[in-house]
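S.K.: Residue numbers (the numbering used here), protein chains in the order written: chain A, 1 to 384; chain B, 385 to 768; chain C, 769 to 1152; chain D, 1153 to 1536. Beta carbons are placed, not taken as given, at the ideal position from N, Cα and C, and that holds for glycine.
Number of protein chains: 4
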Amino acid sequence: MKKLRLGMIGGGPGSFIGAIHRIAARMDNYYELVGGAFSSSIEKSLETGKELGLDESRIYTTFQELIVKEKQKPENEKIQVIAIVTPNHLHFEPAKMALENGFHVVLDKPMTLSLAEALALKEIQNKTRNLLCLTHTYTGYPMVKEAKQQIAAGKLGKIRKVYVEYPQGWLSTAVESKQADWRTDPSKSGIAGAMGDIGTHAFNLAEYVSGLAVQKLCADINIVVENRRLDDDGAVLLKFDNGASGVLMATQIAAGEENNVKIRVYGEKGGLEWQQVDANTLTIKWLDEPAQTFRTGGGYTSSFAQHNTRTPSGHPEGYLEAFANIYKNFAEHILAIQNQAKPKKESLDYPSIEEGIRGMAFIETVIASGKSSQKWLDLLKVEG
Amino acid sequence: MKKLRLGMIGGGPGSFIGAIHRIAARMDNYYELVGGAFSSSIEKSLETGKELGLDESRIYTTFQELIVKEKQKPENEKIQVIAIVTPNHLHFEPAKMALENGFHVVLDKPMTLSLAEALALKEIQNKTRNLLCLTHTYTGYPMVKEAKQQIAAGKLGKIRKVYVEYPQGWLSTAVESKQADWRTDPSKSGIAGAMGDIGTHAFNLAEYVSGLAVQKLCADINIVVENRRLDDDGAVLLKFDNGASGVLMATQIAAGEENNVKIRVYGEKGGLEWQQVDANTLTIKWLDEPAQTFRTGGGYTSSFAQHNTRTPSGHPEGYLEAFANIYKNFAEHILAIQNQAKPKKESLDYPSIEEGIRGMAFIETVIASGKSSQKWLDLLKVEG
Amino acid sequence: MKKLRLGMIGGGPGSFIGAIHRIAARMDNYYELVGGAFSSSIEKSLETGKELGLDESRIYTTFQELIVKEKQKPENEKIQVIAIVTPNHLHFEPAKMALENGFHVVLDKPMTLSLAEALALKEIQNKTRNLLCLTHTYTGYPMVKEAKQQIAAGKLGKIRKVYVEYPQGWLSTAVESKQADWRTDPSKSGIAGAMGDIGTHAFNLAEYVSGLAVQKLCADINIVVENRRLDDDGAVLLKFDNGASGVLMATQIAAGEENNVKIRVYGEKGGLEWQQVDANTLTIKWLDEPAQTFRTGGGYTSSFAQHNTRTPSGHPEGYLEAFANIYKNFAEHILAIQNQAKPKKESLDYPSIEEGIRGMAFIETVIASGKSSQKWLDLLKVEG
Amino acid sequence: MKKLRLGMIGGGPGSFIGAIHRIAARMDNYYELVGGAFSSSIEKSLETGKELGLDESRIYTTFQELIVKEKQKPENEKIQVIAIVTPNHLHFEPAKMALENGFHVVLDKPMTLSLAEALALKEIQNKTRNLLCLTHTYTGYPMVKEAKQQIAAGKLGKIRKVYVEYPQGWLSTAVESKQADWRTDPSKSGIAGAMGDIGTHAFNLAEYVSGLAVQKLCADINIVVENRRLDDDGAVLLKFDNGASGVLMATQIAAGEENNVKIRVYGEKGGLEWQQVDANTLTIKWLDEPAQTFRTGGGYTSSFAQHNTRTPSGHPEGYLEAFANIYKNFAEHILAIQNQAKPKKESLDYPSIEEGIRGMAFIETVIASGKSSQKWLDLLKVEG
């Protein structure tokens, strides 16, 4: 098997998410990292690139340089997929240029700095037909996929209620100086803090699992830690397109909480529950029967769950595997196209530009709602 | 020890809550049930009364009869405490008459049909000086008391966020005909369904544990099951008097859910979590240290927790014991007064008329908010 | 309903188990405590008796006195059931005398000081036809009953493996002086410490749930805390009569453990698991399907589970309710006999003299095995 | 950074463990797979090798060929580490030849077919000074390392009791024909089935975490499924060198169980508990204080835990990460030697030939004990 040649923008020394992307890309042997612009500092970019064993000639300092130089290389040598793992304000330009110059793109979330950018990116992609993948990690978990499939198959009946939450505690104190730097800086993060960083994950998870679209929302958005410039806490009442209602809670000041993303969805016949702390279990509670626990690796799980599982039941798969599933499915999609084959439906199940646009609409609406005295705001219209 | 002589209004054949009250009253041997008006049907009242081994002469059919006849009995014979376990619309009149005629009152929640009635009851109690106890069961759990004490002692620092939820699934279908009868009937239940039945529990739990008072709220109130007359679902954004925010979720259409009341409170230094399904555990998650699990019966727990514990650690105490704790503390308060002794502070820790008024203010505000297009409503003012 | 008149032997000031028995007896209103010999000290017996509101004339100091005096009272006045809650060495004599004089007996476990006493008691009971109930608490839990029923109905197929454990930590230090007094004193406790106190519970639970009988065992019995006179720890390999094997672990030196009795039973088609810390859940794990969680109060549970449940699903029932179920079923059996009615099969499901004999055989065999260099010992033969 | 050049013996089409080894080796970018003898069938070896993108010239069919050919290659080209992932009977010869010819070895467990082979391997290694790493996966988990460190630091006081268990259900039926082939074939698996496959994991975990050595044991070893040739179930009483006792349970016929390895260790001051199903949590229960839960990624964890952690707290790491930790530490050890640097103590913490010898001594003793009527057998003496 020929591996896809991967380049990376961002992810230099000290970058958490850059390291995660690289592990995820390596996990299933679909990619080979061959180049990168890891930092605008040449020393730092070289440091990371060499540590990764890259040829010095393919270690760059700007995304422009990477794109221009790689584009000139022979077909069987040049980078095919570019992973962009920079702060939010550095998503749009490199993604745009990459797509326009024939590269597929893996992009960290939230997709852009604004909804307008997101819509512009969509238009570019439409023209180029290169693929874009957005790393909404949690939808990569096998049991999240199982949850979606159970609901899509009608097992719970019509959906009535969605609770989704993402409590974190790491911004409980003013750690900005040391750690949270760009995430709390509007010029780099955009108009939202917690809502952009983790609220979008929760929003995406809710829409992905339920198969519904949020239509209206009412938000309570707070800055809890003094002098912080962006929201670090929020709760949102939701109305979905089928009439269901929901609640989204995302906070970074829940002292003592780690990253326990959790979703519960209730339909007429039962409810399901998944949470990251017990990521390999999906619980379905039935109206008048014993609850069932579906487990990663169970022979009874859907093809979507099994396609995204590597180990036998009981050997836990975690966050890195969920992340890797996104890379894996994206690779399978690209390879199918390269081979002029029909991609498996399971391979197509990764977050893409549409989810990115929904996320940006969520961010802009939720922040507006937080400032509004009007109860319900429609989710900003998105013209595809 | 002389037991307190207890009478009961309501609780006839088929009454779930009547049976629960009687077990709770029996548990610690503080009460002896000596009379009751269990039903307005003489056959039914007799059926229940005889099954309970009561003297036929003290089995009544109306609360008026019970109160009038018992009042005439000699001091050392007559009923001292009246438990009122009727539907909501039959709370105020018997409670009023009982208080006015020298009886202490145990009352099921919500306290009355309206905030006006609640305030009127307060005035009556002020005049009579008889005691009233409201059975908000969940505050009777030892680990809920521990949670309150930990927060009151400042262990979590200033409180910033409160999540409280009460998901049930038993009204997922139109069971009204068989079971939920009065609870979904506005003439008997009042203006609220789920919000009155379980929303008030969640509200009470949030204020009790956090030690804070809700000031404003914004509610999404729904009738999910067709043709139902009262709300069966709701979610509420909360603002507390210290600036903290919160979310309250109460639903009766979460198919598959039992009665998993749960509360999480976060302060500057850590967060705590309690839920009924694991009622003997209180988890405290610290900002930078391992989380701790406090357990019912632990020698390290507060005097409030230990006062309300009967069995050694590891032998679970449950719902009936929590309920019994309310009866027990109420008895200890009454007995202290009878003996002109100072009651223990632990005995005074039971829900009373103030909590009942807060609950009615919550109901009226939350239902108004559900209908309002204004985002935040102040909690209805309560003039003591 | 006429309540059964209950007398108690033991259970004076400071007795934990006496208080538990009284709560259990009160819970369902089947009994009225009317007399007792709570202590051999008249002051102490009076203290407890008066606190319980008993008539002074029925507060005794010896079991002989209680039995003799009560026997002389009129039929409709005298004690009908005697609860014996003394240390082990004071089980046989009062039980024997009670049975011989026409009283039904509730007896704490282990039943007697020796297997010989147990067999003698059986003979006495055979002659008198009075009933005896042994308080093996854990079999009173609804979900333990559900476990037994599932296995009895063949849901798991042929049983192959049983794991049962009872880890405690309260004897991790030399607390004998303060607390464990008689439990570590061979003259009062018998030849076994941990094995008698909690090992018998585990043994009973294993046989009750599996429906199998232990035939052979191989034990590792230890005294861990220096200078202790009886075993405080042990582990036992088991062979059952159907060829299944098992492991029983009981220890009182597992520092930090509370009372987490747990049982797991595996058959050809699946395995089940129950533990006291989550007493209202029974998990059944199937070979090739999602696991199921059965819950106390579930409408799908067996008649045995439902017969022993008081509250709706989700409102936890605990240790006291499990204890009370034994008292309740025993009462229903007695009342059926009094009324010459056929008792319900659910009412007959309480531990009795046969379980007591099995328990004593276990104790004697396990202690012998602990001292033996022979690997397997047959469980001591019991000739009914 | 120069990656270590890895070769693999075994791991052809359909091999579960081969794929796992490759993911583990890739995870942290320390290795590059450059050659392999994946199968004795040239077609199959080529199939796997090509799928992995290997140069055809380095795809072999016998371990001899791989070793001979690779040895002849230039220093900066040839394989440096050989991973042996064949069935047990094909461990010794390739490992011996690899060590003798200058390769480091990663070996799957159990180490060899017999204790004699294990001791022979040790002698060979002593002469060659090449390194050997044994993939006892579970000791790679950060919270297992934390457990070991807590005990080593004396936090629990003197250790008194160890419970270790490994329940699986996948051999509940006669799946040999399809799946378990060599694992139930004595000529390939050795004298033990379950005891070799998972019993050795449990044994290793117990000794690793407790820091103690098993001295004596007493085993009940069973073949439960008809016609199976090797044990599929067993339970073992243990005596450790410090006087502590323990129980080891390993079974493959616990229908419905996945791979829930679990260990509990109790000392004078508290007990700890870890299980694979909740692999990122280590619970420590203290004698008289609230229990604590240590979590992967917690800033308060030991350097050993943190060294083996990739993601922030709350993002679960799983089985593959635990496996990868073994590869990672082994690589760090090799690289330190290559660089003539002192390896970090955390890097040296991987299972090696000593653990392999202990494991083989366990297998031979436990199988002998299963057949013996003598109660206790000394663990076979191992002369280093």
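The beta strand (DSSP E) with I1405 of chain D in it runs from where to where?
M.R.: Numbered from its first residue, the fourth sequence carries residue 1405 of chain D at position 253. Careful: I1405 of chain D lies outside any beta strand (DSSP E) and carries neither H nor E.
S.K.: Mind checking which residues open and close the alpha helix (DSSP H) that includes L555 of chain B?
M.R.: For the purposes of this step, residue 555 of chain B is identified with residue 171 of the second sequence, where counting begins at 1. No alpha helix (DSSP H) holds L555 of chain B; DSSP gives it neither H nor E.
S.K.: Rounded to whole angstroms, how far is the Cβ of Q252 of chain A from the Cβ of D233 of chain A, which I believe are closer than 8 Å?
M.R.: Counted from its first residue, the first sequence places residue 252 of chain A at position 252. Counted from its first residue, the first sequence places residue 233 of chain A at position 233. 7 Å between Cβ atoms; contact.
S.K.: May I have the straight-line CA-CA distance separating I1343 of chain D from L1424 of chain D, to the nearest angstrom?
M.R.: The sequence position of residue 1343 of chain D within the fourth sequence is 191, counting from 1. The sequence position of residue 1424 of chain D within the fourth sequence is 272, counting from 1. In a straight line, the C-alpha of I1343 of chain D is about 33 Å away from that of L1424 of chain D.
S.K.: Relative to the C-alpha of E1269 of chain D, which candidate in D:N1240, D:T1287, D:V1258 and D:C1285 has its C-alpha closest?
M.R.: Along the fourth sequence, read from residue 1 onward, the residue named residue 1269 of chain D stands at position 117. Of the listed residues, the one whose Cα sits closest to E1269 of chain D is D:N1240.
S.K.: In chain order, which continuous runs of the beta strand (DSSP E) of length 3 or greater are located wholly inside the stretch 266-313 of chain A?
M.R.: Qualifying beta strand (DSSP E) stretches, in chain order: 270-275, 281-286 and 291-295.
S.K.: Check each residue of the stretch 1442-1456 of chain D: if its Cβ is closer than 8 Å to any Cβ of chain B, include it; give the result in chain order.
M.R.: Listed by position, the residues of the stretch 1442-1456 of chain D near chain B (Cβ gap below 8 Å) are P1442, A1443, Q1444, T1445, F1446, R1447, G1450, G1451 and Y1452.
S.K.: Below 8 Å, can you find three or more Cβ-Cβ pairs linking the stretch 667-681 of chain B to the stretch 525-538 of chain B?
M.R.: Yes, they touch.
S.K.: Report, in whole angstroms, the separation of the C-beta atoms of L238 of chain A and L217 of chain A, which I expect to be a contact under 8 Å.
M.R.: Residue mapping note: residue 238 of chain A aligns to position 238 of the first sequence, counting from 1. Residue mapping note: residue 217 of chain A aligns to position 217 of the first sequence, counting from 1. Indeed, because the Cβ distance is near 5 Å, the residues count as touching under 8 Å.
S.K.: How is the beta strand (DSSP E) around K623 of chain B delimited, first residue to last?
M.R.: Here residue 623 of chain B refers to the residue found at position 239 when the second sequence is read from its first residue. That run of the beta strand (DSSP E) goes D617 to F624.
S.K.: Taking Cβ-Cβ distances shorter than 7 Å, what residues in chain C pair up with D396 of chain A?
M.R.: In the structure displayed, chain A extends from 1 to 384; residue 396 of chain A sits before or after that span and is not available.
S.K.: Alpha helix (DSSP H) containing G14 of chain A: first to last residue?
M.R.: Here residue 14 of chain A refers to the residue found at position 14 of the first sequence. No alpha helix (DSSP H) contains G14 of chain A, which DSSP labels as neither H nor E.
S.K.: Tell me which residues share the same chain as D965 of chain C and place their Cβ nearer than 7 Å to its Cβ, disregarding the 5 neighbours each side in the sequence.
M.R.: Here residue 965 of chain C corresponds to residue number 197 of the third sequence, with the count starting at 1. So the qualifying residues of the chain are R951.
S.K.: If you draw a straight line from the C-alpha of G299 of chain A to the C-alpha of E1410 of chain D, how long is it?
M.R.: Sequence index remark: in the first sequence, residue 299 of chain A carries index 299 (1-based). Sequence index remark: in the fourth sequence, residue 1410 of chain D carries index 258 (1-based). Answer to the nearest angstrom: the Cα atoms are 12 Å apart.
S.K.: So Y976 of chain C and T907 of chain C are supposed to be a Cβ contact under 8 Å. How far apart are they, rounded?
M.R.: What you label residue 976 of chain C is simply residue 208 of the third sequence in a count that begins at 1. What you label residue 907 of chain C is simply residue 139 of the third sequence in a count that begins at 1. 5 Å between Cβ atoms; contact.
S.K.: Would DSSP call H1467 of chain D helix, strand or coil?
M.R.: Locating residue 1467 of chain D in the fourth sequence gives position 315, counting from the first residue. Coil, per DSSP.
S.K.: Can you tell me whether N1282 of chain D is helix, strand or coil according to DSSP?
M.R.: For the purposes of this step, residue 1282 of chain D is identified with residue 130 of the fourth sequence, where counting begins at 1. Three-state DSSP puts N1282 of chain D in coil, outside helix and strand.
S.K.: If distances are taken between C-alpha atoms only, which option among D:V1314, D:G1522 and D:L1283 comes closest to H1256 of chain D?
M.R.: Translated into the one-based positions of the fourth sequence, residue 1256 of chain D becomes position 104. Nearest option by C-alpha distance: D:L1283.
S.K.: Answer with yes or no whether the minimum CB distance from T1019 of chain C to chain D is below 9 Å.
M.R.: Reading the third sequence from its first residue, position 251 is the one you call residue 1019 of chain C. With 9 Å as the cut-off, T1019 of chain C counts as an interface residue toward chain D.
S.K.: Starting from the beta carbon of T695 of chain B, find every residue of chain C whose beta carbon is closer than 8 Å, and list them in chain order.
M.R.: For this step, residue 695 of chain B is matched to residue 311 along the second sequence. The answer, in chain order, is I788, G1086, Y1087 and L1088.
S.K.: Mind listing, in chain order, the continuous alpha helix (DSSP H) runs of no fewer than 4 residues lying wholly within the stretch 565-628 of chain B?
M.R.: You should have 570-573 and 584-594.
S.K.: So does the stretch 531-541 of chain B actually touch the stretch 791-810 of chain C, counting three or more Cβ pairs closer than 8 Å?
M.R.: As far as the Cβ criterion goes, the stretch 531-541 of chain B does not touch the stretch 791-810 of chain C, which means the pair count is below three.
S.K.: Can you name the start and end residues of the beta strand (DSSP E) that L417 of chain B belongs to?
M.R.: By one-based count along the second sequence, residue 417 of chain B stands at place 33. First-last of the beta strand (DSSP E) with L417 of chain B: Y415 to A421.
S.K.: Alpha carbon to alpha carbon, what distance is there between S1454 of chain D and K1223 of chain D?
M.R.: Residue 1223 of chain D sits at position 71 when you count from the first residue of the fourth sequence. Residue 1454 of chain D sits at position 302 when you count from the first residue of the fourth sequence. Going from the Cα of K1223 of chain D to the Cα of S1454 of chain D covers about 40 Å.
S.K.: If the cut is a Cβ gap below 9 Å, which residues of chain A does Q758 of chain B touch?
M.R.: Working through the second sequence from its first residue, we reach residue 758 of chain B at position 374. By Cβ distance, chain A contributes S373, Q374 and K375.
S.K.: What does K269 of chain A reach in chain B if we use C-beta pairs closer than 7 Å?
M.R.: The sequence position of residue 269 of chain A within the first sequence is 269, counting from 1. By Cβ distance, chain B contributes A639.
S.K.: According to DSSP, is G384 of chain A part of a helix, a strand, or is it coil?
M.R.: Taking the first sequence and counting its residues from 1, the one referred to as residue 384 of chain A is at position 384. Residue placement at G384 of chain A cannot be trusted, given a pLDDT of 45 that sits under 50; what the coordinates show is reported in the next sentence. Three-state result, G384 of chain A: coil.
S.K.: Once the 5 residues before and after G356 of chain A are set aside, which same chain residues still bring their CB inside 6 Å of it?
M.R.: Here residue 356 of chain A corresponds to residue number 356 of the first sequence, with the count starting at 1. Only M111, A118 and L134 meet the Cβ criterion.
S.K.: Of all Cβ atoms in chain A, is any one closer than 9 Å to the Cβ of I959 of chain C?
M.R.: Taking the first residue of the third sequence as position 1, residue 959 of chain C is located at position 191. Taking Cβ atoms only, chain A never reaches closer than 9 Å to I959 of chain C, which makes this a no.
S.K.: Note down the Cα distance separating Q1232 of chain D from V1258 of chain D, rounded to an integer number of angstroms.
M.R.: Your numbering for residue 1232 of chain D matches position 80 in the fourth sequence. Your numbering for residue 1258 of chain D matches position 106 in the fourth sequence. Q1232 of chain D and V1258 of chain D: Cα-Cα distance of roughly 11 Å.
S.K.: Would you mind listing the alpha helix (DSSP H) stretches within the stretch 82-162 of chain A that are 4+ residues and don't spill past its ends, in chain order?
M.R.: Runs of the alpha helix (DSSP H) inside the stretch 82-162 of chain A: 92-100, 115-128 and 142-152.
S.K.: So, does the CB of F1168 of chain D fall closer than 9 Å to a CB anywhere in chain A?
M.R.: Here residue 1168 of chain D corresponds to residue number 16 of the fourth sequence, with the count starting at 1. Yes, because at least one Cβ of chain A sits closer than 9 Å to the Cβ of F1168 of chain D.
S.K.: Could you tell me whether the Cβ of I1052 of chain C comes closer than 9 Å to any Cβ of chain D?
M.R.: Your numbering for residue 1052 of chain C matches position 284 in the third sequence. So, interface residue.
S.K.: Looking only at C-alpha atoms, which of D:S1524, D:L1531 and D:K1496 sits nearest to F1514 of chain D?
M.R.: Numbered from 1 along the fourth sequence, position 362 holds the residue referred to as residue 1514 of chain D. The shortest C-alpha separation from F1514 of chain D is found at D:L1531.
S.K.: So Q660 of chain B contacts chain C; which residues on that side make the cut at Cβ distance below 8 Å?
M.R.: By 1-based counting over the second sequence, the position of residue 660 of chain B is 276. Under the 8 Å cutoff, chain C gives G1082, H1083 and P1084.
S.K.: Under three-state DSSP, which class holds G359 of chain A?
M.R.: Taking the first sequence and counting its residues from 1, the one referred to as residue 359 of chain A is at position 359. Helix at G359 of chain A.
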